[in-house]
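Numbering (the numbering used here), first residue to last: 305 to 541.
Virtual Cβ for every residue (Gly too), placed ideally from N, Cα, C.
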Amino acid sequence: MIADLQSAASAFVDWLSTLDLGAVLLVTALSSAVETTFLLGLFVPGESVVTLAGSLPRGPGGFVLAVAAGTAGAMAGQIAGYAVGRLLGPRLRETRLGRRIGAERWDRAEAFLRDRGAAALVAVRFVAVIHAVVPIVAGTARMPFGRFVGWSALGTTVWVSAFAAVGALSAGGSSGGTSVVLTAVGATCLGVVPFAGRLVRRTAVARRTTPARRKQDRTGLAEAGTPWLEGSGTALA
(Lines of atoms letter the chains of each structure in order from A and count residues from 1; the text may use other names and numbers.)
(Lines give C-alpha, C1' and ligand atoms only; values in the text may rest on other atoms or scores of the structure.)
Protein backbone atom coordinates (compact mmCIF):
# COMPACT_ATOMS: atom_id res chain seq x y z
CA MET A 1 0.00 0.00 0.00
CA ILE A 2 2.78 2.44 0.96
CA ALA A 3 4.59 1.69 -2.30
CA ASP A 4 1.42 2.43 -4.24
CA LEU A 5 0.96 5.73 -2.40
CA GLN A 6 4.59 6.66 -3.09
CA SER A 7 4.15 5.92 -6.79
CA ALA A 8 0.93 7.93 -7.01
CA ALA A 9 2.40 10.87 -5.10
CA SER A 10 5.53 10.85 -7.27
CA ALA A 11 3.43 10.87 -10.44
CA PHE A 12 1.32 13.69 -9.03
CA VAL A 13 4.41 15.78 -8.22
CA ASP A 14 5.71 15.27 -11.75
CA TRP A 15 2.34 16.29 -13.20
CA LEU A 16 2.04 19.40 -11.02
CA SER A 17 5.53 20.51 -12.00
CA THR A 18 4.47 20.64 -15.67
CA LEU A 19 1.63 23.09 -14.94
CA ASP A 20 1.86 26.84 -14.85
CA LEU A 21 1.28 28.66 -11.57
CA GLY A 22 -2.37 29.42 -12.30
CA ALA A 23 -3.19 25.77 -12.94
CA VAL A 24 -1.38 24.68 -9.78
CA LEU A 25 -3.37 27.18 -7.73
CA LEU A 26 -6.61 25.97 -9.30
CA VAL A 27 -5.83 22.32 -8.52
CA THR A 28 -4.90 23.26 -4.95
CA ALA A 29 -8.09 25.24 -4.42
CA LEU A 30 -10.36 22.56 -5.89
CA SER A 31 -8.68 19.76 -3.94
CA SER A 32 -8.95 21.72 -0.70
CA ALA A 33 -12.62 22.48 -1.36
CA VAL A 34 -13.42 18.81 -1.99
CA GLU A 35 -11.40 17.75 1.07
CA THR A 36 -13.58 19.87 3.34
CA THR A 37 -16.88 18.88 1.74
CA PHE A 38 -19.17 16.44 3.52
CA LEU A 39 -18.97 12.84 2.23
CA LEU A 40 -16.23 13.59 -0.31
CA GLY A 41 -14.13 15.01 2.48
CA LEU A 42 -14.26 11.68 4.27
CA PHE A 43 -12.04 10.12 1.62
CA VAL A 44 -9.89 12.84 -0.01
CA PRO A 45 -6.44 13.36 1.61
CA GLY A 46 -6.22 17.12 1.09
CA GLU A 47 -3.11 17.33 3.26
CA SER A 48 -1.13 15.60 0.52
CA VAL A 49 -2.23 18.03 -2.19
CA VAL A 50 -1.36 21.07 -0.08
CA THR A 51 2.00 19.53 0.84
CA LEU A 52 2.84 18.83 -2.79
CA ALA A 53 1.73 22.31 -3.91
CA GLY A 54 3.96 23.86 -1.26
CA SER A 55 6.92 21.84 -2.49
CA LEU A 56 7.00 23.30 -5.99
CA PRO A 57 9.86 25.78 -6.57
CA ARG A 58 7.81 28.90 -7.26
CA GLY A 59 9.60 31.19 -4.80
CA PRO A 60 8.14 33.01 -1.77
CA GLY A 61 5.41 34.60 -3.87
CA GLY A 62 4.31 31.24 -5.22
CA PHE A 63 4.25 29.78 -1.71
CA VAL A 64 2.01 32.59 -0.45
CA LEU A 65 -0.33 32.14 -3.41
CA ALA A 66 -0.47 28.37 -2.79
CA VAL A 67 -1.46 29.00 0.83
CA ALA A 68 -4.07 31.53 -0.28
CA ALA A 69 -5.53 29.13 -2.86
CA GLY A 70 -5.66 26.25 -0.39
CA THR A 71 -7.27 28.44 2.25
CA ALA A 72 -9.87 29.85 -0.15
CA GLY A 73 -10.80 26.40 -1.44
CA ALA A 74 -11.06 24.89 2.04
CA MET A 75 -13.19 27.80 3.25
CA ALA A 76 -15.55 27.36 0.29
CA GLY A 77 -16.07 23.71 1.22
CA GLN A 78 -16.67 24.52 4.88
CA ILE A 79 -19.12 27.31 4.10
CA ALA A 80 -21.03 24.93 1.83
CA GLY A 81 -21.29 22.44 4.69
CA TYR A 82 -22.41 25.17 7.09
CA ALA A 83 -25.07 26.34 4.62
CA VAL A 84 -26.48 22.82 4.25
CA GLY A 85 -26.65 22.41 8.02
CA ARG A 86 -28.23 25.84 8.49
CA LEU A 87 -30.81 25.23 5.76
CA LEU A 88 -31.93 21.75 6.83
CA GLY A 89 -31.38 22.03 10.58
CA PRO A 90 -31.38 19.05 12.99
CA ARG A 91 -33.57 17.01 10.65
CA LEU A 92 -30.55 16.69 8.34
CA ARG A 93 -29.33 13.88 10.56
CA GLU A 94 -32.33 11.73 9.62
CA THR A 95 -32.04 12.33 5.88
CA ARG A 96 -30.34 9.98 3.47
CA LEU A 97 -27.25 12.19 3.53
CA GLY A 98 -27.23 12.22 7.31
CA ARG A 99 -27.49 8.46 7.51
CA ARG A 100 -24.60 8.09 5.05
CA ILE A 101 -22.43 10.28 7.27
CA GLY A 102 -23.24 7.90 10.12
CA ALA A 103 -24.40 8.27 13.71
CA GLU A 104 -20.90 7.82 15.13
CA ARG A 105 -19.47 10.69 13.08
CA TRP A 106 -22.41 12.93 13.98
CA ASP A 107 -22.02 12.17 17.70
CA ARG A 108 -18.29 12.78 17.66
CA ALA A 109 -18.59 16.05 15.73
CA GLU A 110 -21.36 17.28 18.03
CA ALA A 111 -19.38 16.41 21.15
CA PHE A 112 -16.24 18.05 19.72
CA LEU A 113 -18.09 21.30 19.01
CA ARG A 114 -20.05 21.25 22.27
CA ASP A 115 -17.00 20.69 24.46
CA ARG A 116 -14.78 23.30 22.79
CA GLY A 117 -17.22 25.88 21.46
CA ALA A 118 -16.41 27.98 18.41
CA ALA A 119 -12.67 27.48 18.99
CA ALA A 120 -13.22 23.85 17.95
CA LEU A 121 -13.23 25.10 14.37
CA VAL A 122 -9.49 25.73 14.71
CA ALA A 123 -8.52 22.42 16.30
CA VAL A 124 -10.83 20.31 14.15
CA ARG A 125 -8.86 21.13 11.00
CA PHE A 126 -6.25 18.66 12.22
CA VAL A 127 -8.74 15.90 13.09
CA ALA A 128 -9.16 13.41 10.25
CA VAL A 129 -12.67 12.91 8.82
CA ILE A 130 -14.53 14.83 11.55
CA HIS A 131 -13.36 18.16 10.11
CA ALA A 132 -15.72 17.54 7.17
CA VAL A 133 -18.72 17.05 9.49
CA VAL A 134 -18.23 19.81 12.08
CA PRO A 135 -19.16 22.68 9.68
CA ILE A 136 -22.51 20.96 9.05
CA VAL A 137 -23.05 20.59 12.79
CA ALA A 138 -22.19 24.28 13.30
CA GLY A 139 -24.88 25.13 10.76
CA THR A 140 -27.53 22.93 12.37
CA ALA A 141 -26.62 24.50 15.74
CA ARG A 142 -27.11 27.94 14.15
CA MET A 143 -23.72 29.24 15.15
CA PRO A 144 -23.57 32.89 14.00
CA PHE A 145 -22.14 32.99 10.49
CA GLY A 146 -19.54 35.66 11.29
CA ARG A 147 -18.20 33.63 14.19
CA PHE A 148 -18.12 30.49 12.07
CA VAL A 149 -16.20 32.19 9.25
CA GLY A 150 -13.74 33.89 11.62
CA TRP A 151 -12.74 30.79 13.55
CA SER A 152 -12.80 28.57 10.45
CA ALA A 153 -10.56 30.98 8.55
CA LEU A 154 -8.05 31.00 11.40
CA GLY A 155 -7.94 27.21 11.64
CA THR A 156 -7.82 26.74 7.88
CA THR A 157 -4.98 29.23 7.41
CA VAL A 158 -2.92 27.50 10.10
CA TRP A 159 -3.66 24.07 8.60
CA VAL A 160 -2.81 25.03 5.00
CA SER A 161 0.30 26.98 6.01
CA ALA A 162 1.60 24.10 8.12
CA PHE A 163 1.32 21.46 5.41
CA ALA A 164 2.54 23.78 2.65
CA ALA A 165 5.56 24.67 4.80
CA VAL A 166 6.31 20.98 5.35
CA GLY A 167 6.27 20.51 1.58
CA ALA A 168 8.56 23.48 1.00
CA LEU A 169 11.05 22.29 3.63
CA SER A 170 11.04 18.77 2.22
CA ALA A 171 11.72 20.05 -1.29
CA GLY A 172 14.66 22.07 0.00
CA GLY A 173 16.34 19.03 1.52
CA SER A 174 19.20 17.11 -0.03
CA SER A 175 16.94 14.25 -1.13
CA GLY A 176 14.69 16.65 -3.03
CA GLY A 177 11.72 15.01 -4.68
CA THR A 178 12.03 11.79 -2.67
CA SER A 179 11.50 13.73 0.55
CA VAL A 180 8.45 15.43 -0.92
CA VAL A 181 6.91 12.11 -1.93
CA LEU A 182 7.57 10.53 1.46
CA THR A 183 6.21 13.59 3.23
CA ALA A 184 3.04 13.53 1.13
CA VAL A 185 2.58 9.83 1.86
CA GLY A 186 3.10 10.55 5.54
CA ALA A 187 0.52 13.34 5.44
CA THR A 188 -1.97 10.95 3.88
CA CYS A 189 -1.29 8.25 6.46
CA LEU A 190 -1.52 10.84 9.23
CA GLY A 191 -5.16 11.31 8.35
CA VAL A 192 -6.14 7.85 7.12
CA VAL A 193 -4.45 5.48 9.58
CA PRO A 194 -5.81 6.98 12.84
CA PHE A 195 -9.28 7.11 11.31
CA ALA A 196 -9.08 3.46 10.26
CA GLY A 197 -8.00 2.45 13.74
CA ARG A 198 -10.83 4.37 15.37
CA LEU A 199 -13.31 2.92 12.92
CA VAL A 200 -12.30 -0.65 13.80
CA ARG A 201 -12.43 0.00 17.54
CA ARG A 202 -15.77 1.80 17.44
CA THR A 203 -17.34 -0.81 15.22
CA ALA A 204 -16.42 -3.43 17.80
CA VAL A 205 -17.86 -1.29 20.60
CA ALA A 206 -21.05 -0.61 18.63
CA ARG A 207 -21.65 -4.32 18.23
CA ARG A 208 -21.56 -4.71 22.01
CA THR A 209 -23.78 -1.69 22.65
CA THR A 210 -27.52 -2.23 22.95
CA PRO A 211 -30.08 0.11 21.33
CA ALA A 212 -31.26 1.11 24.82
CA ARG A 213 -27.72 2.14 25.80
CA ARG A 214 -27.29 4.19 22.62
CA LYS A 215 -30.55 6.00 23.39
CA GLN A 216 -29.32 6.68 26.93
CA ASP A 217 -26.07 8.15 25.60
CA ARG A 218 -27.97 10.43 23.21
CA THR A 219 -30.21 11.62 26.07
CA GLY A 220 -27.13 12.37 28.14
CA LEU A 221 -25.71 14.56 25.38
CA ALA A 222 -28.96 16.51 25.14
CA GLU A 223 -29.10 17.05 28.90
CA ALA A 224 -25.52 18.30 28.80
CA GLY A 225 -26.73 21.27 26.80
CA THR A 226 -26.33 20.34 23.13
CA PRO A 227 -28.91 22.54 21.39
CA TRP A 228 -28.83 20.78 18.03
CA LEU A 229 -29.80 17.47 19.70
CA GLU A 230 -32.65 19.17 21.49
CA GLY A 231 -33.80 20.83 18.28
CA SER A 232 -34.04 24.24 19.95
CA GLY A 233 -32.03 26.07 17.27
CA THR A 234 -30.28 28.12 19.96
CA ALA A 235 -27.16 29.91 18.70
CA LEU A 236 -23.84 28.97 20.26
CA ALA A 237 -22.50 31.49 22.71
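By the 16-neighbour rule on beta-carbons within 10 angstroms, R404 is exposed. If you draw a 10 Å sphere on the C-beta of V368, you find fewer than 16 other C-beta atoms in it, and that means exposed. In terms of CA proximity to W455, A424 leads the group T444, L473, A436, A424. Within the model, the alpha-carbon separation for G366 versus D411 is close to 40 Å. Beta-carbon to beta-carbon, G374 and V464 are separated by about 4 Å, close enough to satisfy the 8 Å threshold. Contact between L396 and I440 holds, since their C-beta atoms are separated by about 7 Å, short of 8 Å. One Cα belongs to D324, the other to A442, and the distance between them is close to 37 Å. E398 and R446 have their C-alpha atoms roughly 18 Å apart. A residue is called buried once 16 or more other Cβ atoms fall within 10 Å of its Cβ, and G450, having fewer, is exposed.
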